[in-house]
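Here is the structure we will look at.
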Amino acid sequence: MKLSTRGRYGLKAMFDLALNDGDAPISLTSIAERQGISVNYLEQLIAPLKKADLVKSVRGAQGGYLLNKPADQITVADILIVLEGPLGPTECVRLLGDDACEQADYCVTHMIYEKMRDSLLQVVTTITLKDMVLDHKRMHAGPIDTQFFCNK
0 MKLSTRGRYG LKAMFDLALN DGDAPISLTS IAERQGISVN YLEQLIAPLK KADLVKSVRG
60 AQGGYLLNKP ADQITVADIL IVLEGPLGPT ECVRLLGDDA CEQADYCVTH MIYEKMRDSL
120 LQVVTTITLK DMVLDHKRMH AGPIDTQFFC NK
């Protein structure tokens, strides 16, 4: 499964908010500079994250964005599902109900795709933004204003 730039950059932005979490809101401009993402694109990513109550905005000269929940209560899955939709390697295992695959009961590959989806969900539902921050701190003793993820 390959994530789109929406998922990858949205995760980077949320990680940046968690890493720089404090009393003051964080501007999209500062996130954009640290993460190498355009401000315009970040605005498009923040809107659905705000609608999903993962972030909140603060207006004004010192405004910006803050996590709406503690970092240990926001999982990678929370973020990716908002930005990417249901997760899974194929459409047939992302759909539910009447839209689900009609051949699922006798399709061997469907079972494989379900196992892949379940494995992916097991990972992304157990990793929180706090876990990512702690991993970063273990990996990097350097300044916070460097890029944290590869862009590929």
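Read in numbering that gives the first Met the number 0, the sequence shown has 44 at position 45, and its numbers run on one by one without any break.
No residue lacks a Cβ here, since even glycine has one placed at the ideal position from N, Cα and C.
Treat the numbers as computed from the prediction; the structure is a model and nothing was measured.
On the three-state DSSP scale, how would you describe residue i?
i	result
residue 112	helix
residue 129	helix
residue 55	strand
residue 6	helix
residue 28	helix
residue 0	coil
Please identify the residue among the options whose C-alpha is closest to the C-alpha of residue i.
i	options	result
residue 117	16, 29 and 89	89
residue 51	59, 76 and 35	76
residue 48	91, 19, 10 and 111	10
residue 34	4, 60 and 46	4
Have a look at the DSSP bridge pairing and note the partners of residue i.
i	result
residue 63	57
residue 89	Bridge partners of residue 89: none, in fact.
residue 74	127
Quick one: residues in its chain with C-beta nearer than 8 angstroms to the C-beta of residue i, no 5 flanking neighbours on either side, listed in chain order?
i	result
residue 63	23, 24, 25, 26, 27, 29, 56 and 57
residue 86	0, 76, 79, 80, 93, 116, 119, 120 and 123
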